[in-house]
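From first to last, the protein sequence lines stand for chains A and B. This note's numbering applies: residue 1 is where the first sequence begins, and numbers increase by one. This note's numbering applies: residue 1001 is where the second sequence begins, and numbers increase by one. Every residue gets a Cβ at the ideal spot worked out from N, C-alpha and C, and that includes glycine. Each remark here refers to the structure printed beneath this line.
There are 2 protein chains.
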Amino acid sequence: MEILDVKANLIQDNDQEAACLRRSLEKSRTFLVNLMGSPGAGKTSVLTETIRLLKERYSIGVMEADVDSDVDARAMERLGVRTIQLHTGGSCHMDARMTGDGLAALNPEDLDIVFLENVGNLVCPAEFDVGQALRVMILSVPEGDDKPLKYPLMFSVSDCLLVNKTDTSEIFDFDLDRCTANVRRLNAEMPVFPVAAVDGRGIPEWTEWLADRVEDWKKKMEVADHGSDD
Amino acid sequence: MEILDVKANLIQDNDQEAACLRRSLEKSRTFLVNLMGSPGAGKTSVLTETIRLLKERYSIGVMEADVDSDVDARAMERLGVRTIQLHTGGSCHMDARMTGDGLAALNPEDLDIVFLENVGNLVCPAEFDVGQALRVMILSVPEGDDKPLKYPLMFSVSDCLLVNKTDTSEIFDFDLDRCTANVRRLNAEMPVFPVAAVDGRGIPEWTEWLADRVEDWKKKMEVADHGSDD
C-alpha cells in the first residue's frame, strides 16, 4: 500500500481544478464519492460494510485522507480493494489538487467507484469541491441531534446523510425525527439513512440508493457523450 | 446574552497577538482555559459539570465559539455565569485576535477563570495559541482509542486530556490503557482523566486538578510581580 504526502492547494482556483478532475472522472466513468464526517463518526466502518455489499458488482478504489497514520487504509486493504493512504501534511481537509494527486497515484481508469474518506472534520471539508459525483456525510448518534444547527454548511452541501451508531440511540437520547427536522431546514430534499455499521442495519438500503445514483450517473454520461457526438 | 461575530486573523502574527493577550490576562489574574475537542465530544456538558463544582469558589466566564447557533451559550447562561457566544464566520478554529475580540466583549477583569469552548475540531484549533494559560482537550469514548494516532498535534500540545462518556466504554470497545499508551508516545507527562458528564464520574478529580493549576498560576504571577518590582 502506498502512502502519499499531498500538498494543499494554495492558489485560489480550487473550483477550476475540481471541474477538471470531474471531467476526467466522467471520461473514465469513475464515480467519486466524497465521504465526510467528524473524527470517530464511523466513516471507515460504514465504508467497510458498504464495500462488502458492492464489491462483487463494481470495481472499487479507496483513498484514505488523514493528517497522520495509516490505520484506516490498512483496514481497507484487508477488504481486497485498491487503496491509497493520503497524508494531508497538517491540512484539515482535502482540496481538488490533493484529490487529483491521490487519483493519479490510484490509477482509477478501470474503477467504477472511488471513495475518498475525507479528514475527520465537520467544518472545512464542506467548503472544498474535490470533483466528486456525490457528497455523503456521516453523523453519529453520540455526537448529538443538534449538530445541523452548529455545522450548517456540511449539512447544506451534502447529497445524503447517514446517521450511524443508531444502535446507541437510547443511551444518548438522540431523536432521529428532531435531527431530520433540523437537517430539512438546511437541505429539504436530502435523503437520511439511519445505519449502524456494528450490526449492519440500514446498510443495504443506503447501498442500494448509492448503486442507483451510480447507474443514473452512468446513463447521464452516455447521453452526454451521444450529445457531443452530434 | 450577546452574540459576537469574530473575524479570523489574516495576518501572520498570531503568536504575537497571543502573547499580548496572555500578558493582559496575567495582569487581571484571569486564567484562560482553551477547551478543544471533536464535535459532540461533550465539551459543553463537561464544562457544565465543571462549572457547577467551581462556581462558588471562583468567578467564572464562558466564551462559546461556534460556526453558527447559540445552543451552547444558552446552556451556560442557565448556570448563571457570564457568557458570550462567538460566531467564527465559517472559520474552523479560534485564533488570538478572535479570542481578544471575545474577551473585550466579556469584560473579564473581575473573572478568575474564563473557559473558551473552541470550535468542535480535532485539527486546526491545535495550531493556534489563543493566549490561554491551559489547553484542555476532550476525547469521547465513541470516537475510538485510535484518535491520538490520527490527530497527533492536538494530543501533543494539550496540557490535559479528559476522556468523556466512559460510561459507554463497554459498548464501544474503547480501551483506556491503549488510548493512554497512544497518548503517552506524543505527550509523556499529560494527565488523563476518565470522566462521564452524564453521571458526573471523574469530574471532581479533574476539577480539583484544574483548581490546583489555577492556584499555582496565581502564585507564579505574584512572584513575577514581586520580581518586576525589584
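Who are the Cβ neighbours of residue i in its own chain at under 7 angstroms, not counting the five residues just before and after it?
| i | result |
| --- | --- |
| alanine 1065 of chain B | Leu1086, Thr1088, Met1094, Leu1116, Glu1117, Asn1118 and Val1119 |
| glycine 1131 of chain B | Ala1018, Leu1021, Arg1022, Leu1025, Leu1032, Ala1096 and Thr1099 |
Just to make sure I have the definition right: I need the residues of chain A whose C-beta is within less than 8 angstroms of the C-beta of residue i. Which are they?
| i | result |
| --- | --- |
| isoleucine 1171 of chain B | Thr168 and Ile171 |
| valine 1071 of chain B | Asp146, Leu149 and Lys150 |
| valine 1119 of chain B | Val123 |
Which chain B residues sit within Cβ distance under 9 angstroms of residue i?
| i | result |
| --- | --- |
| lysine 218 of chain A | Within 9 angstroms Cβ-Cβ: nothing; lysine 218 of chain A doesn't reach chain B, min ~34 angstroms. |
Between which two residues does the beta strand (DSSP E) harbouring residue i extend?
| i | result |
| --- | --- |
| arginine 1078 of chain B | Segment: none, arginine 1078 of chain B is in no beta strand (DSSP E) and carries neither H nor E. |
| cysteine 1049 of chain B | According to the sequence displayed, residue 1049 of chain B carries glutamate and not cysteine. Note, glutamate 1049 of chain B: premise wrong, no beta strand (DSSP E); alpha helix (DSSP H) at 1043-1054. |
| phenylalanine 31 of chain A | 31-37 |
How far does the alpha helix (DSSP H) with residue i in it reach, from first residue to last?
| i | result |
| --- | --- |
| methionine 1094 of chain B | Where methionine 1094 of chain B is concerned, there is no enclosing alpha helix (DSSP H), given that its DSSP letter is neither H nor E. |
| valine 67 of chain A | Taken as a continuous stretch (DSSP letters only), valine 67 of chain A belongs to no alpha helix (DSSP H), as it is neither H nor E. |
| valine 157 of chain A | 152-157 |
Could you work out which residues of chain B lie near residue i, taking near to mean beta carbons separated by less than 7 angstroms?
| i | result |
| --- | --- |
| proline 152 of chain A | Asp1068 |
At least one CB of chain A closer than 7 angstroms to the CB of residue i: is that the case?
| i | result |
| --- | --- |
| lysine 1147 of chain B | yes |
| isoleucine 1011 of chain B | Reliability of the predicted coordinates at isoleucine 1011 of chain B is poor, the pLDDT of 47 falling under 50, and no value is obtained from them. |
| cysteine 1160 of chain B | no |
| cysteine 1092 of chain B | yes |
For residue i, does the three-state DSSP call read helix, strand or coil?
| i | result |
| --- | --- |
| isoleucine 1011 of chain B | Only weak support exists for where isoleucine 1011 of chain B lies, its pLDDT of 47 falling under 50; the coordinates are left without a value. |
| glutamine 1085 of chain B | strand |
| phenylalanine 1172 of chain B | helix |
| glutamate 1143 of chain B | helix |
| valine 119 of chain A | coil |
| proline 1194 of chain B | strand |
| glutamate 1189 of chain B | coil |
| asparagine 164 of chain A | strand |
| leucine 1025 of chain B | helix |
| leucine 134 of chain A | strand |
| arginine 1178 of chain B | helix |
| aspartate 1129 of chain B | coil |
| leucine 1004 of chain B | strand |
| arginine 1201 of chain B | strand |
Using a Cβ-Cβ cutoff of less than 6 angstroms, which residues in the same chain neighbour residue i once the five nearest sequence positions on both sides are dropped?
| i | result |
| --- | --- |
| aspartate 1072 of chain B | Thr1044 and Glu1064 |
| isoleucine 1011 of chain B | With a pLDDT of 47 at isoleucine 1011 of chain B, under the threshold of 50, the predicted position of this residue should be treated as unreliable, though the coordinate-derived value follows. Excluding sequence neighbours, isoleucine 1011 of chain B sits near nothing in its chain. |
| glutamate 109 of chain A | Ser28 |
| valine 163 of chain A | Leu139 and Pro194 |
7 angstroms is my cut-off, CB to CB: does residue i come that close to chain B?
| i | result |
| --- | --- |
| leucine 122 of chain A | yes |
| alanine 19 of chain A | no |
Identify, in the order they occur along the chain, each residue of the same chain with its Cβ nearer than 8 angstroms to the Cβ of residue i, setting aside the five sequence neighbours on each side.
| i | result |
| --- | --- |
| methionine 1190 of chain B | Phe1155, Ser1158, Asp1159, Cys1160, Leu1161, Val1183 and Arg1184 |
| valine 198 of chain A | Ser45, Lys165 and Asp167 |
| tryptophan 209 of chain A | Cys160, Pro191 and Phe193 |
| valine 81 of chain A | Ile51, Lys55, Ile60, Gly61 and Val62 |
Could you work out which residues of chain A lie near residue i, taking near to mean beta carbons separated by less than 9 angstroms?
| i | result |
| --- | --- |
| proline 1204 of chain B | Residues of chain A passing the Cβ test: none, with the nearest at roughly 23 angstroms. |
| cysteine 1179 of chain B | Under the 9 angstroms cutoff, chain A gives no residues; its nearest Cβ is about 12 angstroms from cysteine 1179 of chain B. |
| serine 1024 of chain B | What serine 1024 of chain B touches in chain A: nothing, since even the nearest Cβ is about 29 angstroms away. |
Give the residues of chain E in contact with residue i, contact being defined as C-beta atoms less than 7 angstroms apart.
| i | result |
| --- | --- |
| proline 142 of chain A | Here chain E cannot be found, since the structure's protein chains are A and B. |
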